[in-house]
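2 protein chains.
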Amino acid sequence: MSAARPPVGAKAPPGGSATAAGVKRGGTMHAARPPVGAKAPSGGSATAAGVKRGGSHASALDFPAWMSDRQAQVEAALSRWVPFDTPAGLGEAMRYAALDGGKRLRPLLALAASEAVQGNAEAALRAACAVELIHAYSLVHDDLPCMDNDVLRRGKPTVHVRFGQAQALLAGDALQALAFELLTPPGRALPQAMQAALCRLLARAAGARGMAGGQAIDLASVGKPLGEAELREMHQLKTGALLQASVRMGAATGARVPAAALAALDDYGAAIGLAFQVVDDILDVTADSAALGKTAGKDAAVGKPTYVSLLGLPASRALAGDLCARAHRALDASGLPGARRLRALADLVVHRKS
Amino acid sequence: MSAARPPVGAKAPPGGSATAAGVKRGGTMHAARPPVGAKAPSGGSATAAGVKRGGSHASALDFPAWMSDRQAQVEAALSRWVPFDTPAGLGEAMRYAALDGGKRLRPLLALAASEAVQGNAEAALRAACAVELIHAYSLVHDDLPCMDNDVLRRGKPTVHVRFGQAQALLAGDALQALAFELLTPPGRALPQAMQAALCRLLARAAGARGMAGGQAIDLASVGKPLGEAELREMHQLKTGALLQASVRMGAATGARVPAAALAALDDYGAAIGLAFQVVDDILDVTADSAALGKTAGKDAAVGKPTYVSLLGLPASRALAGDLCARAHRALDASGLPGARRLRALADLVVHRKS
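These protein sequence lines map, in sequence, to chains A and B.
At position 160 of the first sequence (counting the first as 1) the number is 160 in my numbering, and the numbers step up by one without a gap.
Residues are numbered in my numbering as their position in the second sequence, beginning at 1, plus a constant of 1000.
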């Protein structure tokens, strides 16, 4: 009761059109289909191709093919790891929330970062799925009536519409636990120290000083003007922390990665984390709802502070470009020969049309 | 909407009497004060006293003193680790949920199990707090209107009554993440393999095949008759998994614990996990609300299946006694000389009056 955020705008009924209904506000990426015609790598390093990885030759392919391959790999792994056979239909709600969803940006970042450091492929796939499960649970909880009260996501009824609020709450809770379960397989598949490092990074990014904290700021900021510093802090926590953690976790699957390279990847992660949100705000006013897959202009309509409302459109575009350049410079500075997928992902984040 | 559990009985308004209001149904332990006059150890092993631990001589004291000392230690650690300085008041809601609460049975089990295996004291305290944070978050979410819709817990307004539903949801989410954060401190304070093992145990106990799964069964079972096997499965997951994990996590703080001892501790954990619920059901019909700190007879009033309704009171009492004896035998079989605190905790679980 009380501090619940007021529902944002009128909602389409379940089963309504995915493109026209108010599905989601800023902070998430949610194309219903795998991106078609994604950008080719821009300036990929000529010195070394990505690392050959167990059973996959995709790293020799160009970026769209790499991306499709990795998205399929993540989808298959999530389908394997998010359980069917749980009591009382809970697994069904979890799978509904986690499968068949979005561009899988966070998993792609984790996988690309792991390739950049020639990391452990099994650990990378687990990290990719774990970070996606945290993202998925946050969407389930964020959609609940006491939060954003959204009825559609990616063109489907939201989890609580489909399964009831209580089951949605539990499914989100169980998805968070599952993320840490994926990172700590029994046996000797992953080094114990790597398991601990991955849990450490994910727990911090998900918690009160990360994603959950950013959501609390967002909640408290409804109807209050935010300055750029406050807006930046909110987004750094709400969206940026998990994006940056995706890169960090990918990097943590490597052995003996130089500290300078890790610092450079951190800078890369911070830049694209912020760029993601700036571009979200730009698209909110420039793209139409059909391209966006959600209601355009929604943030402005409810008076939510955005980069565009604070800086204007031209300065926001310039900021996005600057952040992309910073991300590229960080990769150059990393000294990592296999960073070209990360470079292409930065371009994707900044130049996406939805 | 839809599958939300109907509120159970009429609720007292915030600020109402803690003893008479409908605060909580079975599955949790929630004395508002540290227990006074708790049982002395029954048949504590004469062969060895508990292990002396850094800075504390409490293990040489008798059980009530040991318990008070450990409860204070857990309270202080939680107060140190559940953060104040988080954005938008989220930490305040988290602290409200986690501090000043209950008997701390789960932490006591973790600490006692660690003492039984002469485990790492820092790891034990972190495990104790982590398992309590999972318990605390589950109560916050369980109290939400879409679940049990409870307005009072331990005589205080529930978290959503005090802070709003959205903040309660986020506080619960952040408490879960914090549990894993506590288990993975940076630096060399805890062995990496121990951190991974603790996360592994906690994630499984909290998730779809543990606590969250048990809650889903509970949710689905409203108004449906359950047989004893189904009732047992629900409780094993909903309450038992986390109680057993408390013991396992404490044991995981030891080095080179024999497999047979670990198996015996597992059997101990399973026995007291179930005993806890059987006793809860007995108290629901035998204790008055004042002694219980919650509405007596509540489960029966809403037609929830309980051990008493299935087996009758005498057979339920016999079952509780059998489970206590099984827990004691498991400790005897463990060959662990320092298990007397675990023995006393089994007695506490079975002979408690609230």
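All C-beta atoms, glycine included, are put in the ideal place defined by N, C-alpha and C.
A distance below 9 Å separates the beta carbons of A/Val247 and A/Ile272.
In the structure shown, the three-state DSSP call for B/Leu1152 is strand.
The beta carbon of B/Ile1282 is closer than 8 Å to those of Tyr1307, Val1308, Leu1313, Ser1316, Arg1317 and Ala1320 in its chain, skipping five residues each way along the sequence.
Here B/Ala1177 is not near A/Leu90, since their CB atoms are 9 Å or more apart. When Cβ pairs closer than 8 Å are counted between the two stretches, the region 1182-1200 of chain B is seen not to touch the region 145-158 of chain A, the count staying below three. Interface annotation for the region 314-332 of chain A against chain B: empty, criterion Cβ-Cβ distance under 9 Å. If you ignore the 5 residues before and after A/Ala77, its C-beta comes within less than 7 Å of the C-beta of Leu125 and Cys129, all in its own chain and listed in chain order.
Nearest Cα to B/His1141 within the set B/Ala1097, B/Ala1116, B/Val1117 and B/Thr1086: B/Ala1097. Just measuring C-alpha positions, the residue of A/Glu122, A/Gly269 and A/His328 sitting nearest A/Leu183 is A/Glu122. Each residue's CA atom was taken as its position, placing B/Ala1275 and B/Glu1233 some 13 Å apart. The residue from A/Leu323, A/Gln215 and A/Ala88 with its alpha-carbon nearest to that of B/Ser1221 is A/Ala88. Secondary structure of B/Pro1191 (DSSP, three-state): coil. In the structure shown, A/Pro157 falls within a strand segment according to DSSP collapsed to helix, strand and coil.
Under the 9 Å criterion on CB atoms, B/Cys1129 is classed as non-interfacial with respect to chain A. In its chain, beyond the 5 residues on either side, Met1234 have a beta carbon closer than 6 Å to the beta carbon of B/Ile1217. In the displayed model, A/Pro225 falls within coil according to three-state DSSP, outside both helix and strand. Residue contact with chain B for A/Ser221: present (Cβ-Cβ distance below 9 Å to some residue of chain B). When only Cα atoms are considered, A/Ala127 and B/His1351 end up about 45 Å apart. Secondary structure note for B/Leu1182: its alpha helix (DSSP H) is the uninterrupted segment Gln1165 to Leu1182. A residue is called buried when at least 16 other Cβ atoms come within 10 angstroms of its Cβ; B/Arg1070 meets this threshold and is buried.
Secondary structure note for A/Asp280: its alpha helix (DSSP H) is the uninterrupted segment Ala259 to Thr286.
In the structure shown, the three-state DSSP call for B/Ser1354 is coil. Under the Cβ criterion of 9 Å, A/Thr184 is counted among the residues facing chain B. Contact check for B/Met1194 and B/Leu1242: beta-carbon distance about 19 Å, past the 8 Å limit, so the pair fails to qualify.
With at least 16 other beta carbons inside 10 angstroms of its own, B/Ser1138 counts as buried.
Between the alpha carbons of B/Phe1163 and B/Gly1101 lies a distance of about 17 Å. Residue environment for B/Arg1341: buried (at least 16 other C-beta atoms within 10 angstroms of its C-beta). Per DSSP, B/Val1117 lies in no alpha helix (DSSP H) and is assigned neither H nor E. Counting only residues of its own chain and dropping the five nearest sequence neighbours on each side, A/His135 has a CB closer than 7 Å to the CB of Arg106 and Leu242. Non-local C-beta neighbours of B/Val1257 in its own chain, meaning closer than 7 Å and more than five positions away in sequence, comprise Val1117 and Ala1251, ordered along the chain.
Below the 9 Å Cβ cutoff, chain B contributes no neighbours of A/Asp280, its closest Cβ being approximately 20 Å away. B/Val1159 and B/Asp1143 do touch by the CB rule: their CB atoms are close to 7 Å apart, below 8 Å.
Sequence-distant Cβ neighbours of B/Ala1112 in its own chain, meaning closer than 6 Å and more than five residues away, are Arg1341, Leu1342 and Leu1345.
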